[in-house]
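Notes follow once the structure below has been shown.
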């Protein structure tokens, strides 16, 4: 039985989740989520956010209970460390650097690169690279670092994810497009400048404020860990 996570609208307001973008940037499809305007900024109706976030968490609960994979995607500089840390704590894959085209739609090719990275990493640890010259070893180190940036977060993802959680669907639109092609469900933060129809489970909220993203990540982590414990 999936466990529900309680959401508090007051806490959400304290986290600044209700502050959208300037009025001029409003996406027409986000109009139903806007409750008012303050200092030329759209204010998001947090009662509606809570309802949609609960729907998203229920979906994530079911996913985790069924031992399925959720891929975290957050490449925006101010939130990437938060996204990475949470994904690691939840033992889930993540992409927090640049989204590599084909990560979903050309998964087999990406997997070959991941396997090469893991193999090179193993050779470095076991000392197999010691037989090379200093110059060659430096080249391997440089290559390893480049591969680590690209693939560290997905190196333990042997198959396509069952869903993706995108923390800025405008910045990582390429990920959303690929997920759509492969009919992979999308959970996403949707600020007032976003078309919420791009996500299967949109969460109307500020996607720029660290406090807003942190609140969403904390509740998501709580949901994942609680339901994983129930399952086990």
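In this note's numbering, the protein residues as written are 256 to 487.
Positions of the beta carbon are idealized from the N, C-alpha and C atoms, including for glycine.
Only a predicted model underlies this, so the values are computations on that prediction, with no experimental measurement involved.
Contact between residue 368 and residue 351 does not hold, since the beta-carbon distance rounds to 18 Å and is not under 8 Å.
Assigned with DSSP and collapsed to three states, residue 420 falls in strand.
In the structure shown, the three-state DSSP call for residue 323 is coil. DSSP assignment within the region 343-401 yields the following whole alpha helix (DSSP H) runs of 4 residues or more, N-terminal first: 362-381. Take the alpha-carbon of residue 311 and the one of residue 345: they are about 17 Å apart. Around the Cβ of residue 273, a 10 Å sphere holds 16 or more other Cβ atoms; the residue is buried. By the Cβ-count criterion, residue 326 is buried, with 16 or more other Cβ atoms from all chains shown falling within 10 Å of its own Cβ. Annotation for residue 434: the continuous alpha helix (DSSP H) segment containing it runs 428-436. Rounded to whole angstroms, the separation of the alpha carbons of residue 419 and residue 408 is 13 Å. Remark: C-beta atoms of residue 450 and residue 331 do not approach each other more closely than 8 Å.
Taken through DSSP and simplified to helix, strand or coil, residue 287 comes out as helix. Remark: three or more beta-carbon pairs, one from each stretch, lie closer than 8 Å, so the region 460-473 and the region 428-444 are flagged as touching. Annotation: the continuous beta strand (DSSP E) that includes residue 442 extends over 440-445.
The alpha-carbon separation between residue 355 and residue 319 amounts to approximately 25 Å. Setting aside the 5 residues that flank it on each side, residue 303 is surrounded in the same chain by 288, each with a C-beta closer than 6 Å to its C-beta; the list follows chain order.
A residue is called buried once 16 or more other Cβ atoms fall within 10 Å of its Cβ, and residue 405 is buried on that count.
About 28 Å separates the Cβ atoms of residue 394 and residue 348, ruling out a contact at the 8 Å cut-off. Sequence-distant Cβ neighbours of residue 410 in its own chain, meaning closer than 7 Å and more than five residues away, are 369, 372, 373. Positions of the alpha helix (DSSP H) runs, each at least 4 residues long and wholly inside the region 259-310, are given as 264-269 in order along the chain. Per DSSP, residue 458 is one residue of the beta strand (DSSP E) stretching across 456-459. For residue 452 and residue 430, the gap between their C-alpha atoms comes out near 15 Å.
A straight line joining the alpha-carbon of residue 456 with that of residue 292 spans about 25 Å.
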